[in-house]
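Here's the structure, in structure tokens; my notes come after.
Chains as they are written, first to last, in my numbering: chain B, 1 to 308; chain D, 309 to 616; chain Z, 617 to 924.
Here is the structure:
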């Protein structure tokens, strides 16, 4: 049995048994909810704080719902996003929050590595959960993605997964690769314009593609990433239509994938840029399941790090 | 018995029995509160989300208090009000929130019809409550207004009500007219500068006035609307003093109304523009009762739409 | 026995017995927390509203935690800080909130005297707690400071306390002087650049210093204030280094104080301006204890004003 996690900052190097325990717990919570359990009290008396240095209403709300459904209190520590809090200033904020006897801090920050820096500087019993740091990691997104896949295709050793879009700047892609790799999927393909691909040696276990038509060939899962529109030009793609033409997922391209290929996207969608509505709203789309699983995964993570 | 409402987007065409049931429930909650009941748990385990695309601290707070006093959890989904969320983007937000298993969405949006569009696109069991859409409807304001009137003057069939101000752009006026009409008041008079009056055929059941002195003559209830100051010039009223002179409610004008005429205003007040302090703070003012009733009406609405 | 407080706007003229009762209650809550009590329900069913006209994430969070740990609901009434709400507009907001049946309003406002104006205009049973008004008072900060001192040095009649920085504009300094004076400390020294010192007759019970080296000589407690950087020039101190050189607390200066001199700061720290990291993070620093005591003091105040 692997030791309980006290923090969750990345899925990289997380043992398979830890990931599977979190997924199993999320599934148990999903089942309880399906049978009518609306609210648990396992974290009654605990306080969880959302410390978001980047705005993200969706992720913040998902964590807030997760914490409340476990009976915890939630504080939104709103920094106005003008703060570029780093170094000593960041650690002073951490220590101030610790001194107020918080139990967990959910942190999002544009600098990669910030959650780990908080873990290193934490003095007391506070737990740190990463809600996204720079281009580096978004571990609860990675977990909810593999939970969603597992629900439909538990045979990971047979699966080919393609992740398409701005891989280079995507913390979602990184956490997905880490989780999928640990769980033993057969093949992971990364696809995007050359300018938006990661260094060639970053993911030796993955296949790199620049042509989406060939990348999606026979894939069992297609994870489409949200494109930051300002990055299209750096990719020599002059407009949205050009990007969609080369890297958007529409019904024609989806037909090249394996039958029943799962369509996933971390949201929010840029319809007509990285994904066509016919696919986003189609029978193979798992996008809303991902959202629902996000709450259960975050409940599972909070239970794990805050268990006594 | 009328069927339970699952959503509340407008009072137009709402059956009298439904309005009266909501008012009766609001009164029962007010009585319970007066006898010391601080908090109920009828909505324990339920989650209500405030989805405000226009800022409104007062209305948001009133809904938040209502939901919490019924034991529900409340999430404020703060969009920063820079979002002009419409169409697909809006529905994606809706579906994302549904996938998180929310029970009710309280929505305010500057586009008329947005709450109904959400109702049409809602896929699961979520309830939609309109907290104000464009110029169209503000149903809980309409309900709290008639609740306040009923408390003092339950004989609606004898009442003359005057609504004065920028009728054209007022969702409050529209919801008031719908509720007052359904409950059978004798006469509704709409009064304002010609440029701020609605089309002549919009309210065939009302009398239109441009002269407030004659409009208030013998009225039993005077509902003063908040003036958006930028609209004064379009009404050919060059300044606040000119507006107050012609359409402001002061003691002299109130004396033309029926004895004991109720003075109402949805707030926040522009003192000295649409209402004089001597009247706003006077013995006939019901303005703070309206605020108190607002919480009870919103509790009643949440009970109605979220009852199992 | 002194009567129960219904409001807390300032520590000036507050009887010693009232201050000591609040400190005693805060200590009892701290002990209960140390023995594992996470949450009480003494304020279940009560609603506390944060009405902040100046941003302060730390103080707002401390009050929010305090209220929730007593079982109260908390509403953040966010005014966007663009509002300069004064006079009638402020009182209309107050009366609106009273009409919603709130139990306590925690108010911060840049105008000195605003909380007392709210107390004078409050019509119902609502309690007002000052979270900082202009340069005038920050009573819960004063209480948490004396609580922190008392924990280490209960022999107030022997203590020399130096407060250093921008005394003139500091509500913290004023509340500290009031609390320390009432509790009978031997000597209070105020130290800062001449331009940042209060009028000579404002604190006749204190000694005024412009030279920090002599002011700290033999002190048992050093309270360092946060410098607003824009005030350095008005103090003829051209830059941060110049300020630190004359008024910053470093190890060399701390060595001039009495052995074991307590180092305090209301936060957030300007490291290298009013305090050196070696001292802020050193063995004599009580800065994080202050933060922790802040929550207990605010719990004690809420219990006091909201007790039935």
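We treat Cβ as the ideally placed atom computed from N, Cα and C, and that holds for glycine. These numbers come from a predicted model, not from an experiment.
I need the boundaries of the beta strand (DSSP E) containing residue 668 of chain Z, first residue and last residue. Looking up residue 668 of chain Z in the third chain gives position 52. Run containing residue 668 of chain Z: 663–668, per the beta strand (DSSP E) assignment.
Check whether the segment 664–678 of chain Z touches the segment 777–787 of chain Z, taking contact to mean three or more Cβ pairs, one atom from each stretch, closer than 8 Å. No contact exists between the segment 664–678 of chain Z and the segment 777–787 of chain Z.
By Cβ distance, which residues of its chain are closer than 8 Å to residue 267 of chain B, with the 5 residues on each side in sequence left out? Counting from 1 along the first chain, the entry for residue 267 of chain B is found at position 267. 58, 226, 287, 290, 291.
Tell me the rounded alpha-carbon separation between residue 717 of chain Z and residue 921 of chain Z. The residue given as residue 717 of chain Z occupies position 101 in the third chain. The residue given as residue 921 of chain Z occupies position 305 in the third chain. In this model, residue 717 of chain Z and residue 921 of chain Z are separated by some 15 Å (Cα to Cα).
So, is residue 615 of chain D buried or exposed, given that buried needs 16 or more other C-beta atoms within 10 angstroms? Here residue 615 of chain D refers to the residue found at position 307 of the second chain. Flag for residue 615 of chain D reads exposed.
Enclosing beta strand (DSSP E) for residue 570 of chain D [first to last residue]: Within the second chain, numbered from 1, the residue matching residue 570 of chain D stands at position 262. Unbroken beta strand (DSSP E) run through residue 570 of chain D: 570–572.
Taking 8 Å as the cut-off, does the CB of residue 356 of chain D come closer than this to any heavy atom belonging to the ligand FMN? Inclusion of the ligand FMN in the displayed structure is not the case, the ligand content being empty and no account of it being possible.
CA-CA distance, residue 384 of chain D and residue 654 of chain Z? Sequence index remark: in the second chain, residue 384 of chain D carries index 76 (1-based). Sequence index remark: in the third chain, residue 654 of chain Z carries index 38 (1-based). In this structure, the CA atom of residue 384 of chain D is about 25 Å from the CA atom of residue 654 of chain Z.
Neighbourhood of residue 273 of chain B by C-beta distance below 7 Å, restricted to the same chain and skipping five residues each side: Walking along the first chain from the start, residue 273 of chain B turns up at place 273. Result list for residue 273 of chain B: 227, 240, 243, 244, 248, in chain order.
Whole-angstrom C-beta distance between residue 626 of chain Z and residue 753 of chain Z, which should lie under 8 Å: The residue given as residue 753 of chain Z occupies position 137 in the third chain. The residue given as residue 626 of chain Z occupies position 10 in the third chain. With a Cβ gap of about 4 Å, residue 753 of chain Z and residue 626 of chain Z count as contacting.
Which chain D residues are close to residue 694 of chain Z, counting only those with a beta carbon under 8 Å from its beta carbon? Residue mapping note: residue 694 of chain Z aligns to position 78 of the third chain, counting from 1. Simply 365.
Neighbouring residues, chain D, relative to residue 292 of chain B (Cβ below 8 Å): Start at 1 with the first residue of the first chain, and residue 292 of chain B comes out as number 292. Those within 8 Å of residue 292 of chain B in chain D are 407, 408, 409.
Spell out whether any CB of chain B is found under 9 Å from the CB atom of residue 842 of chain Z. The sequence position of residue 842 of chain Z within the third chain is 226, counting from 1. Not one chain B Cβ lies under 9 Å of residue 842 of chain Z.
Looking at C-alpha atoms only, which residue of B:167, B:106, B:279, B:220 is the closest neighbour of residue 64 of chain B? Numbered from 1 along the first chain, position 64 holds the residue referred to as residue 64 of chain B. The closest CA to that of residue 64 of chain B, considering only B:167, B:106, B:279, B:220, is found on B:106.
For the segment 61–73 of chain B, list every residue whose C-beta sits within 9 Å of some C-beta in chain D, in sequence order. For the segment 61–73 of chain B, residues whose beta-carbon sits nearer than 9 Å to a beta-carbon of chain D comprise 61, 62, 64, 65, 68, 69.
Considering residue 556 of chain D, what are the terminal residues of the alpha helix (DSSP H) in which it resides? In the second chain, counting from the first residue as 1, residue 556 of chain D sits at position 248. No alpha helix (DSSP H) holds residue 556 of chain D; DSSP gives it neither H nor E.
Residue 693 of chain Z bridges to which residues according to DSSP? In the third chain, counting from the first residue as 1, residue 693 of chain Z sits at position 77. Residue 693 of chain Z is bridged to Z:667.
As assigned by DSSP and simplified to three states, the class of residue 906 of chain Z: By one-based count along the third chain, residue 906 of chain Z stands at place 290. DSSP places residue 906 of chain Z in helix when its eight states are reduced to three.
Per-residue DSSP class, three states only, for residue 588 of chain D: Taking the second chain and counting its residues from 1, the one referred to as residue 588 of chain D is at position 280. In the structure shown, residue 588 of chain D sits in a helix (DSSP, three-state: H, G or I).
For the segment 240–271 of chain B, enumerate the residues whose C-beta is nearer than 9 Å to any C-beta of chain D, in chain order. Listed by position along the chain: 267, 268, 269, 271.
For residue 746 of chain Z, does the three-state DSSP call read helix, strand or coil? By one-based count along the third chain, residue 746 of chain Z stands at place 130. Strand, per DSSP.
Please list, in chain order, all residues of the same chain as residue 698 of chain Z whose beta carbon is under 6 Å from its beta carbon, the five residues on each side excluded. Here the question's residue 698 of chain Z lines up with position 82 in the third chain. Reliability fails at residue 698 of chain Z, whose pLDDT of 49 lies under 50, so the model's placement of it is uncertain and no value is given.
Just to make sure I have the definition right: I need the residues of chain B whose C-beta is within less than 7 Å of the C-beta of residue 404 of chain D. Which are they? Counted from its first residue, the second chain places residue 404 of chain D at position 96. For residue 404 of chain D, the C-beta contacts it makes with chain B under 7 Å involve 58, 267, 291, in order along the chain.
Leaving out five residues on either side along the sequence, give the residues of the same chain with a beta carbon under 6 Å from the beta carbon of residue 380 of chain D. Residue 380 of chain D sits at position 72 when you count from the first residue of the second chain. Result list for residue 380 of chain D: 351, 354, 356, in chain order.
List the endpoints of the continuous beta strand (DSSP E) containing residue 515 of chain D. Taking the first residue of the second chain as 1, we reach residue 515 of chain D at position 207. First-last of the beta strand (DSSP E) with residue 515 of chain D: 515–517.
Would you mind stating whether residue 90 of chain B and residue 297 of chain B have Cβ atoms separated by less than 9 Å? Counted from its first residue, the first chain places residue 90 of chain B at position 90. Counted from its first residue, the first chain places residue 297 of chain B at position 297. Cβ atoms of residue 90 of chain B and residue 297 of chain B: not closer than 9 Å.
Is the CB of residue 467 of chain D under 9 Å away from at least one CB in chain B? Position 159 of the second chain, counted from the first residue, corresponds to residue 467 of chain D. Contact of residue 467 of chain D with chain B is not assigned, every C-beta pair being separated by 9 Å or more.
Measure the C-alpha to C-alpha separation of residue 970 of chain Z and residue 803 of chain Z and round it to an integer number of angstroms. This structure cannot speak to residue 970 of chain Z, because chain Z is shown only from 617 to 924.
Give me, in chain order, the residues of the same chain whose beta-carbon lies closer than 8 Å to that of residue 848 of chain Z; leave out the 5 immediate sequence neighbours on both sides. Start at 1 with the first residue of the third chain, and residue 848 of chain Z comes out as number 232. Correct list, in chain order: 854, 855, 856, 858, 859.
Minimum Cβ-Cβ distance from residue 46 of chain B to chain Z less than 9 Å: Taking the first chain and counting its residues from 1, the one referred to as residue 46 of chain B is at position 46. So, interface residue.
Which class does residue 401 of chain D belong to by DSSP, given the choice of helix, strand or coil? If you number the second chain from 1, residue 401 of chain D lands on position 93. Helix at residue 401 of chain D.
I'd like to know if residue 704 of chain Z contacts chain D, where contact means its C-beta is closer than 9 Å to some C-beta of that chain. Position 88 of the third chain, counting from 1, holds the residue named residue 704 of chain Z. By this cut-off, residue 704 of chain Z is an interface position.
So which of B:255, B:62, B:120, B:280 has the shortest CA-CA distance to residue 264 of chain B? Taking the first residue of the first chain as 1, we reach residue 264 of chain B at position 264. Comparing Cα-Cα distances from residue 264 of chain B to each of B:255, B:62, B:120, B:280, the minimum goes to B:280.
Would residue 288 of chain B count as contacting chain D if we go by Cβ distances under 9 Å? The residue labelled residue 288 of chain B in the question sits at position 288 within the first chain. At a cut-off of 9 Å between beta carbons, residue 288 of chain B contacts chain D.
Counting only Cβ pairs nearer than 7 Å, list the residues of chain D close to residue 708 of chain Z. Against the third chain, residue 708 of chain Z aligns to sequence position 92. Within chain D, the residues near residue 708 of chain Z are 576, 577.
Inter-residue Cα distance where the pair is residue 376 of chain D and residue 349 of chain D: As a first step, residue 376 of chain D must be located in the second chain, where it is residue number 68. As a first step, residue 349 of chain D must be located in the second chain, where it is residue number 41. Approximately 9 Å between the Cα atoms of the pair.
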